[in-house]
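Notes follow once the structure below has been shown.
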Amino acid sequence: MLKTMAASLVALGLVVAQGAADDSKVNEADREFIEKVGACCNTEVKLSEMATKSGSRSEVKDFAKNLLDDHAKLKKEFETVLKNKSITPPTTEAKNFKEVAERVSSAKGADFDALYLEHMIKNHEEAVKLFETYLKDGNNTDLKQWAKTSLPTLTQHLERAKKLAAQK
Ligand SMILES: [Fe+2]
1 MLKTMAASLV
11 ALGLVVAQGA
21 ADDSKVNEAD
31 REFIEKVGAC
41 CNTEVKLSEM
51 ATKSGSRSEV
61 KDFAKNLLDD
71 HAKLKKEFET
81 VLKNKSITPP
91 TTEAKNFKEV
101 AERVSSAKGA
111 DFDALYLEHM
121 IKNHEEAVKL
131 FETYLKDGNN
141 TDLKQWAKTS
151 LPTLTQHLER
161 AKKLAAQK
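Residue 1 is where the sequence shown starts when you use the numbering used here, and the numbers rise one by one after that.
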């Protein structure tokens, strides 16, 4: 009896160990990360589309254009990872997007630039934190790999937005 129990415990241990090592699965925390990435990137893209048209300084417009190119690439890679896991890519923006978009779109000239950059800094600070946390605590190898290769682009956006905001 004891022997059987011991054997069962060993078997159970193996199952648990195998479960922990199976990082191809997507858990709740992974899904939360995916949703947050979607909300964050979709917000940045929408605001940057506005900035390519309504931006005042040419440097700000250039930044918005570069950001759109970079995010198109990141999005494509993100969607490939999700497709392999049969997950539909998130299409929504951040919860407060409507309010933010209204504020930004009603600003003109230098005020527009300042407000746009303010949101880019805030958004990218959150994104960098989100990615760093996922790289530390996240479970899924494919998502982690994508996060790792994408993080330098986000850090670069953050630094560039800060620099542009300081130049006003
Ligand atoms: Fe970005």
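Every residue, glycine too, gets a C-beta built ideally from N, C-alpha and C.
query                                                                                                                      : result
Cut-off 8 Å between Cβ atoms - residues of its own chain near Glu118, not counting five sequence neighbours on either side : Ala165
Rounded distance between the beta-carbons of Met50 and Ser105, thought under 8 Å                                           : 6 Å
Residue list, Cβ distance to ligand 1 heavy atoms smaller than 6 Å                                                         : Glu44, Leu67, His71, His124, Leu154 and His157
Whether Pro89 touches Phe78 by CB criterion (8 Å)                                                                          : yes
First through last residue of the alpha helix (DSSP H) which encompasses Glu126                                            : Gly109 to Asp137
Of the residues Ala110, Lys144, Gly109 and Val100, the one placed nearest Cys40, counting alpha carbons only               : Val100
Local Cβ density within 10 Å of Gly38, reported as buried at 16 or more and exposed below that                             : buried
Length-filtered (3 minimum) beta strand (DSSP E) runs lying within the region 42-108                                       : none
Gln145 - containing alpha helix (DSSP H), residue span                                                                     : Thr141 to Ala166
Length of the line joining the Cα atoms of Thr141 and Gln167                                                               : 40 Å
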